[in-house]
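**Q** Here it is, the structure, as structure tokens.
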Amino acid sequence: MNIEELREYCLSKTAVSEGFPFDEETLVFKVLDKMFLLTNITGELQMNVKCDPEKAIELREMYSSVLPGYHMNKKYWNTVVIDGSVSDRQLEQWIDDSYDQVVAKMTKKKQNELMNLK
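Here it is as structure tokens:
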């Protein structure tokens, strides 16, 4: 997966927007204004994704390319180095999980708003 494929996959999800709220190198994807993925646009491709706390630890133990979330709450976020050691399908699953984790924490009103957009 490269940056364009990552970007296209994230933007294919319902109610997703992208922007650079922190600096010119950190691309942030949000669902209804809540971050679910951050990635760099320069250097080695990496992404930060939200994860269930127990699963986050399990993934770090299973994959050398999965690390505690850089500049994020390490209990809930993983940094994934996209170096070819993990399949694109697995990366997409982690993106889906992150999106779903963020949606699950939204208010019922926001969740209903999202459902109406699908």
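Residue numbering for the sequence shown follows the numbering used here, beginning at 1413 and increasing consecutively. A virtual CB, placed ideally from N, CA and C, is assigned to each residue, including glycine. From a predicted model like this one, the values you see are computed outputs, not experimental measurements.
1. Quick one: give me the first and last residue of the alpha helix (DSSP H) that V1493 is part of.
2. What does the alpha-carbon distance come out to for the pair F1448 and E1470?
3. Which runs of the alpha helix (DSSP H) fall wholly inside the segment 1463-1518 and span at least 4 residues, in chain order?
4. Contact check, E1437 vs T1426 under 8 Å by CB: the rounded distance?
5. Label L1503 either buried or exposed according to how many other C-beta atoms from any shown protein chain fall within 10 Å of its C-beta, with 16 as the threshold for buried.
6. Closest to Q1513 by CA distance: which of N1452, P1465, E1456, E1525 is it?
7. I need the boundaries of the alpha helix (DSSP H) containing M1527, first residue and last residue.
**A** Looking at the atomic coordinates:
1. Segment 1489-1493 is the beta strand (DSSP E) holding V1493; no alpha helix (DSSP H) there.
2. Between F1448 and E1470, the C-alpha separation is close to 20 Å.
3. 1465-1474, 1500-1516, all fully within the segment 1463-1518.
4. Contact between E1437 and T1426 is absent: CB atoms are separated by about 27 Å, not below the 8 Å threshold.
5. Under this definition L1503 is a buried residue.
6. That would be P1465, whose Cα lies nearest to the Cα of Q1513.
7. For M1527, the enclosing alpha helix (DSSP H) starts and ends at 1520-1529.
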